[in-house]
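**Student:** Protein chains in written order, with the working numbering: chain A, 1 to 469; chain B, 1001 to 1219; chain C, 2001 to 2199.
The following block contains the structure, expressed as structure tokens.
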Amino acid sequence: MSLIVNSGVFTIDDQPICASFELTPGQVKGIYGPSGSGKSTLFHLLAGLAETSFDTGNCLIDGKNMVDLTPKGRIPFVSLMFQNPDTQFCMETPREELLFCLENRAVPVSKMALMVHDALAFCGILHLANQALTTLSGGEKQLVALACCVVLESKYLLLDEPFANLDQATIDFLLTKLKILQKNKQVGILLIDHRLDLVNTWIHEWLVLQDNFHVVSTEELLKQENRLRATLPHRSKSTKKGSPLLYFDHFQLPIRDYAINLPNYTFYAGEMIGISGKSGLGKSTFFRAILQQEKYAGKIYFKDHLLTKHAAFSKMSWIMQNPQDQFIEASVARELANGNHAPVTTNKLSKLGLLTKCDLSPFLLSQGQQRRLAVACLLERPIPILLVDEPTYGQDLRNAWQLMTLLSEKAATGTLILIVSHDDRLLNDFCDYTLNFNQFVKETANEKTESNRKVRHHFGAGLARFFSK
Amino acid sequence: MALALLVSFQNNVLLNTVLAVLFLLLVSYYLPVKKLLLLSVFLTLAAAGVFFTGLIFYRDNQHGTTNISSLQYAIGLASRIYCFGFTGSLFAATTSMTAFIYSLQQQLHLPAIFAYGLMAAFHMAPMIPHEYRNTINSLRSRGITNNYFSIKIVTPLLVKTIRWSELLATAMTSRGFSSDETRTYSQHYVINWPDWLFCAGLLGLGLLLTIFHGDNLFK
Amino acid sequence: MFKWELKDVIMVGIASLVFGVIYIGAVQLGVLLGTLLTPLGLSVLANEFIFGVWFMAAAFAGYILRKPGAATITEMIAALLEVFMGNFYGPIIFVSGFVQGIGTEAGFAATRYHKFGWSSLIIGAVGATITSFIWGIVRSDFVDLKWQLLLAIFVIRLLSALLFSAVAVKLICDHLNTMGILNSYPIAQNNHSKQASGV
């Protein structure tokens, strides 16, 4: 009675990986490894969702081989929770989605209502039952996904970075619920995550997919991370200030029922500045405001000129979280050449670790490689200001370090770089200083901004209704 | 549907008008005033366009002159636009996507894979404008600013399309969905007698007016 | 070969939406143009310039999925989604979708689903133009219009179909294919066999 992998061999980037482990009901284990090391592939193999099975060896769940079962047959054993909350639902509302799960299981109709109610109540989202899924926040969607896992009543739960892009409160809530499932219902849980700090009191054993498969304890993994951190080269911080570049004058950005205030603030050329603060605080919205895509009060000056919508993108580049948003060419080299047909130097490619991938499509790279390529493409453009949104999310330490090094080299050429990140330690290691946005927040009783927000919300909801009618 | 075909094959102003008015009344019951006005403006624009086309380019016309038969013909064309327009709007206003697909699946045995696949696809609609903005921002960040309709913008959107479809399919499969297995239905959709009555009534009305105007049939 | 996978259905559905959004963008231009042309009686022509966008979804699906019926089914799916996005022609565009899909399908069927290249897309575009033209005449009762105008409608629609549903679709699909994101679809099997034979 457990989930057992017997020397299961699978291939990632032509490298065979041989995994062996056992997960008993009520046990929880983490899976750790750099991006592209095959964590998701392993999950797909375990859940029988991959098109192939293990090259050699097998995975038995309570004595059954997943590959032999139909999707319906697998449900009692395994279900998955995915990283991206936007692409996991096929119905309109949470209630319908849960009913869909139950219909798949061919549960008698008479039992459905109660089961749906219980699952929604357990996840604290009864009030969202009949709202359109497209209008829910990422955190709320992830709770719906958990509710789906609850109604499926599988014995083992595979969680693929479930905390990605969630705010701290939701993460804590989700963790409590998962612990209840684990302890009270004896659900066995496997979890992929990069952020050891979130779960180090809950998970004690990690399956590491790096330098071949091995198992380590949490303390050992933390120690390894610290050791690695110590050996990596640090950035020498700039001492002299450049010329003033970006000036905020009585800047006030309304967000829900509060506002981010920067009454009088100047950023200088060549600075590298971290921006931290609670998730969901409005840091990305702040970037959009700088790019003139969001309404705000007060003024933003670039050098001596008021920043206008027209000029924004000629002064700034915005590096967004998802690198796949921006690839348009058929090969890495052409992507880097960025339209002008100058040959890409091998030097640049090897620095990015992409020398052998030169002619490959960007979409066939691993996630870490894609992120490096995306950042490198944008660094090519001579630009005074770079806005960077969570550049290291989902990256292991080594990859994250490499990205930050690329960015700091850009800063050395006189570019102002603002980086939003949840990783305070990394920001500390690289940035000249870190702005904690929590301290700029003020509650507002501003009725005008409030009503604006309402109108926008109403409009947005209307639009969503229109599309999802 | 049969009704629509009936309308298609004849130039019957009376029938078109009666139907247009009937559906206008029904639509106005379901739609808010603002939407109704917008719809009317839109339809009127389209109808006016067709009207002038019919008026000027009628077969028997001498260039530039108009006569009674071309006017009749033009009115016929325009009334048809209204008729289609209000029928379509009524359908969209009263039928929910989910209900309609469920109904197709349970009455006409549309395979489950299509029914649920389409619902999944349809619920991605709000993401498309969002992704479109993302793409534009990304491209602008790279200094690529020109042409809003170029292949450069369509490419990332279609790439997303393919990614999303794979992710959604995986998610649905992991929740136990497969087309070949028996499943239960939490809700049953049936066509009940008022529906039949409505349908029969409309057809009857259509036929009646057709016979009444019989000389115009298959003109 | 006939079997549809779940991801195919979803892909076709979302692609229809994407092309639908493009079409709606184009329609706004069309309405503007159409209003300008109304006094001349030529407003029906405005829509014809962008008519080809209608056929894109079918050609796209047929070209990528390479199975019998893909184009027809896709065009009907596109019509279905269109209805719920509030296209005011309503349920009748199912018929339009079917008719246009059959036309596009003809291009792929002409080679019995063996060859998928320029020729099938072009035949498809021509086919879709012809079928949709006939259906358009019936539906909108254009029989009694002057033949010169009908000819103009036909020619413009044909050019539009060729531009959008043959040239644009082929370029986009081939580009996506070289990017490697279509690897799990039949369209990519061609490259593998090409690579294997050393072409």
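We put the beta carbon where it would ideally sit given N, CA and C, even for glycine.
By the 10 Å Cβ neighbour count, where 16 or more other Cβ atoms means buried, how is His-422/A classified, buried or exposed?
**Tutor:** Taking the first sequence and counting its residues from 1, one reaches residue 422/A at position 422. Its Cβ being crowded by 16 or more others within 10 Å, His-422/A is buried.
**Student:** Out of Leu-397/A, Gly-63/A, Ala-121/A, state which residue places its alpha-carbon closest to the alpha-carbon of Leu-427/A.
**Tutor:** By one-based count along the first sequence, residue 427/A stands at place 427. If we check each option's Cα against that of Leu-427/A, Leu-397/A comes out closest.
**Student:** Measuring only between beta-carbons, confirm whether Ala-50/A sits less than 8 Å from chain C.
**Tutor:** Indexing the first sequence from 1 puts residue 50/A at position 50. So, not an interface residue.
**Student:** Anything in chain A within Cβ reach of Gly-2020/C, meaning under 7 Å, just list it in chain order.
**Tutor:** By 1-based counting over the third sequence, the position of residue 2020/C is 20. In chain order: nothing, as chain A lies at least about 11 Å away.
**Student:** Since I believe Leu-181/A is in contact with Val-151/A (beta carbons under 8 Å), could you give me their beta-carbon distance rounded to a whole number of angstroms?
**Tutor:** Translated into the one-based positions of the first sequence, residue 151/A becomes position 151. Translated into the one-based positions of the first sequence, residue 181/A becomes position 181. At roughly 12 Å, the Cβ-Cβ gap does not stay under 8 Å, so Val-151/A and Leu-181/A are not in contact.
**Student:** In this structure, does DSSP put Lys-295/A in helix, strand or coil?
**Tutor:** Taking the first sequence and counting its residues from 1, the one referred to as residue 295/A is at position 295. Coil.
**Student:** For the 8 Å Cβ check, are there 3 or more pairs between the region 136-151 of chain A and the region 94-101 of chain A?
**Tutor:** yes
**Student:** When burial is assigned at 16 or more other CB atoms within 10 Å of the CB, is Thr-93/A buried or exposed?
**Tutor:** Walking along the first sequence from the start, residue 93/A turns up at place 93. Classification of Thr-93/A: buried, given that the 10 Å Cβ count is 16 or more.
**Student:** Using a Cβ-Cβ cut-off of 8 Å, state whether Tyr-1156/B counts as contacting chain A.
**Tutor:** Within the second sequence, residue 1156/B is the residue found at index 156, counting from 1. Note on residue identity: the sequence assigns Pro, not Tyr, to residue 1156/B. At least one CB of chain A lies nearer than 8 Å to the CB of Pro-1156/B.
**Student:** For Glu-22/A, write down the residues that DSSP places opposite it in a beta bridge.
**Tutor:** As a first step, residue 22/A must be located in the first sequence, where it is residue number 22. According to DSSP, Glu-22/A bridges with Ile-4/A.
**Student:** Of the residues Lys-2003/C, Leu-2017/C, Val-2012/C, which one's Cα is nearest the Cα of Met-953/B?
**Tutor:** Chain B is shown only over 1001 to 1219; residue 953/B falls outside these bounds and no answer can be derived.
**Student:** Ignoring anything shorter than 4 residues or poking outside the region 216-265 of chain A, list the alpha helix (DSSP H) runs there in chain order.
**Tutor:** 218-231
**Student:** Indicate whether at least one CB of chain B lies closer than 8 Å to the CB of Arg-334/A.
**Tutor:** Here residue 334/A corresponds to residue number 334 of the first sequence, with the count starting at 1. It does not: the Cβ of Arg-334/A has no partner Cβ on chain B nearer than 8 Å.
**Student:** Kindly list, in the order they appear in chain B, the residues whose Cβ is closer than 7 Å to that of Trp-2118/C.
**Tutor:** One-based indexing of the third sequence puts residue 2118/C at position 118. Those within 7 Å of Trp-2118/C in chain B number zero; the least Cβ separation is about 18 Å.
**Student:** If you follow the beta strand (DSSP E) that Trp-2004/C is part of, which residue opens it and which one closes it?
**Tutor:** Position 4 of the third sequence, counted from the start, is the residue given in the question as residue 2004/C. Looking at the DSSP string, Trp-2004/C is not in any beta strand (DSSP E), and its letter there is neither H nor E.
**Student:** Report, in whole angstroms, the separation of the C-beta atoms of Pro-85/A and Gly-138/A, which I expect to be a contact under 8 Å.
**Tutor:** The residue you call residue 85/A lines up with position 85 of the first sequence. The residue you call residue 138/A lines up with position 138 of the first sequence. The Cβ separation is near 5 Å, so the contact holds.
**Student:** Mind pulling the chain B residues with CB within less than 8 Å of Ala-2015/C?
**Tutor:** Here the question's residue 2015/C lines up with position 15 in the third sequence. Within 8 Å Cβ-Cβ: Leu-1158, Thr-1161.
**Student:** Which residue marks the beginning of the alpha helix (DSSP H) containing Tyr-2063/C, and which one marks its end?
**Tutor:** Start at 1 with the first residue of the third sequence, and residue 2063/C comes out as number 63. Counting along the chain, the alpha helix (DSSP H) containing Tyr-2063/C begins and ends at 2051-2065.
**Student:** Chain B partners of Pro-384/A, CB-CB under 7 Å?
**Tutor:** Counting from one through the first sequence, the residue named residue 384/A turns up at place 384. Listed along the chain, the chain B residues whose CB falls inside 7 Å of the CB of Pro-384/A amount to none; the nearest CB is some 13 Å away.
**Student:** Just the Cα atoms here: how many angstroms apart are Ala-106/A and Ser-1178/B?
**Tutor:** Sequence index remark: in the first sequence, residue 106/A carries index 106 (1-based). Sequence index remark: in the second sequence, residue 1178/B carries index 178 (1-based). Approximately 12 Å, taken between the alpha carbons.
**Student:** Quick check: what's the CA-CA separation for Phe-2019/C versus Gly-2097/C?
**Tutor:** The residue given as residue 2019/C occupies position 19 in the third sequence. The residue given as residue 2097/C occupies position 97 in the third sequence. Distance between the alpha carbons of Phe-2019/C and Gly-2097/C: 14 Å.
**Student:** When the Cα atoms are used, what is the spatial distance from Ser-361/A to Leu-2150/C?
**Tutor:** Against the first sequence, residue 361/A aligns to sequence position 361. Against the third sequence, residue 2150/C aligns to sequence position 150. Going by the C-alpha atoms only, they are around 46 Å apart.
**Student:** Would Val-28/A and Leu-175/A qualify as a contact pair, given that the criterion is a beta-carbon distance under 8 Å?
**Tutor:** Locating residue 28/A in the first sequence gives position 28, counting from the first residue. Locating residue 175/A in the first sequence gives position 175, counting from the first residue. Not in contact: Val-28/A and Leu-175/A (Cβ atoms no closer than 8 Å).
**Student:** Hey, Gly-270/A and Leu-416/A are a contact pair by Cβ (cut 8 Å); roughly how many whole angstroms apart?
**Tutor:** Numbered from its first residue, the first sequence carries residue 270/A at position 270. Numbered from its first residue, the first sequence carries residue 416/A at position 416. Gly-270/A to Leu-416/A, Cβ: 7 Å. Contact.
**Student:** Whole-angstrom Cβ separation of Val-388/A and Leu-406/A, contact assumed at under 8 Å?
**Tutor:** On the first sequence, position 388 is the one that residue 388/A refers to. On the first sequence, position 406 is the one that residue 406/A refers to. That belief does not hold up - the Cβ atoms of Val-388/A and Leu-406/A are roughly 10 Å apart, past 8 Å.
**Student:** Pull up the distance between the alpha-carbon of Gly-277/A and that of Glu-225/A, whole angstroms please.
**Tutor:** On the first sequence, position 277 is the one that residue 277/A refers to. On the first sequence, position 225 is the one that residue 225/A refers to. Whole-angstrom Cα-Cα distance: 24 Å.
**Student:** Whose Cβ in chain B lies nearer than 9 Å to the Cβ of Cys-101/A?
**Tutor:** Your numbering for residue 101/A matches position 101 in the first sequence. Going along chain B in sequence order, the residues near Cys-101/A (Cβ under 9 Å) are Arg-1175, Gly-1176, Phe-1177.
**Student:** Which first and last residues belong to the beta strand (DSSP E) in which Gly-188/A is found?
**Tutor:** Translated into the one-based positions of the first sequence, residue 188/A becomes position 188. Element bounds for Gly-188/A: 188-192.
**Student:** Which residue marks the beginning of the alpha helix (DSSP H) containing Lys-179/A, and which one marks its end?
**Tutor:** Your numbering for residue 179/A matches position 179 in the first sequence. Where Lys-179/A is concerned, the enclosing alpha helix (DSSP H) stretches over 168-184.
**Student:** Please report the straight-line C-alpha distance between Ser-2119/C and His-214/A, rounded to a whole angstrom.
**Tutor:** Position 119 of the third sequence, counted from the start, is the residue given in the question as residue 2119/C. Position 214 of the first sequence, counted from the start, is the residue given in the question as residue 214/A. Distance between the alpha carbons of Ser-2119/C and His-214/A: 55 Å.
**Student:** Would you tell me roughly how many angstroms separate the C-alpha atoms of Ala-1111/B and Ile-260/A, rounded to the nearest one?
**Tutor:** For the purposes of this step, residue 1111/B is identified with residue 111 of the second sequence, where counting begins at 1. For the purposes of this step, residue 260/A is identified with residue 260 of the first sequence, where counting begins at 1. One detail in the question is off: residue 1111/B reads as Pro in this sequence, not Ala. Rounded to whole angstroms, Pro-1111/B to Ile-260/A spans 52 Å at the Cα level.
**Student:** At the 8 Å Cβ level, is Leu-2065/C part of the contact set with chain B, yes or no?
**Tutor:** Taking the first residue of the third sequence as 1, we reach residue 2065/C at position 65. Taking Cβ atoms only, chain B never reaches closer than 8 Å to Leu-2065/C, which makes this a no.
**Student:** Tell me the rounded alpha-carbon separation between Asp-325/A and Met-2179/C.
**Tutor:** Reading the first sequence from its first residue, position 325 is the one you call residue 325/A. Reading the third sequence from its first residue, position 179 is the one you call residue 2179/C. Whole-angstrom Cα-Cα distance: 14 Å.
**Student:** DSSP three-state label for Phe-54/A, please.
**Tutor:** If you number the first sequence from 1, residue 54/A lands on position 54. Coil at Phe-54/A, not helix or strand.
**Student:** I need the straight-line Cα distance from Asn-200/A to Ser-20/A, nearest angstrom please.
**Tutor:** Here the question's residue 200/A lines up with position 200 in the first sequence. Here the question's residue 20/A lines up with position 20 in the first sequence. Spanning the two alpha carbons is a distance of roughly 22 Å.
**Student:** Using 7 Å as the cut-off, classify the Cβ of Asp-211/A as near or not near the heavy atoms of the ligand COA, replying yes or no.
**Tutor:** With respect to the ligand COA, the structure shown offers nothing to examine, as it has no ligands at all.
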